[in-house]
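All remarks here apply to the structure that follows.
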Amino acid sequence: MAQDLCAAGLVLLNRQRAKSAHTVKAGDMISMRRADREIVVRVLQVPETRSVSREAARQMIEIVSEKPTLPID
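401 is the number of the first residue of the sequence shown in our numbering; add one for each residue after it.
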């Protein structure tokens, strides 16, 4: 899903269009637009392994803002 969102230009990393292979660091800001909302998160920690639990993943980001958006055409 993340790869599809990046390819569609719906993910920004530090205010620039993100590619799915881009390295993310602690302190980075990620903006994601979905069909019904836009969310901005700050990366607090990057996992050491590719697979982490949902609970651990929640601890690694801080939601900065979340707002509804108009549908994407």
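We put the CB at the ideal spot given by N, CA and C, even for glycine. Nothing here was measured: the structure is a model prediction, and the numbers come from that model.
According to the DSSP assignment, Arg415 belongs to no alpha helix (DSSP H), since it is labelled neither H nor E. Listed as beta-bridge partners of Lys467 by DSSP are Glu438. Beta-bridge partners of Val446 (DSSP): none assigned. In terms of Cβ geometry, Val464 and Val440 form a close pair [threshold 7 Å]. Around the beta carbon of Val411, a 10 Å sphere encloses 16 or more other beta carbons of the protein chains shown; the residue is thus reported as buried.
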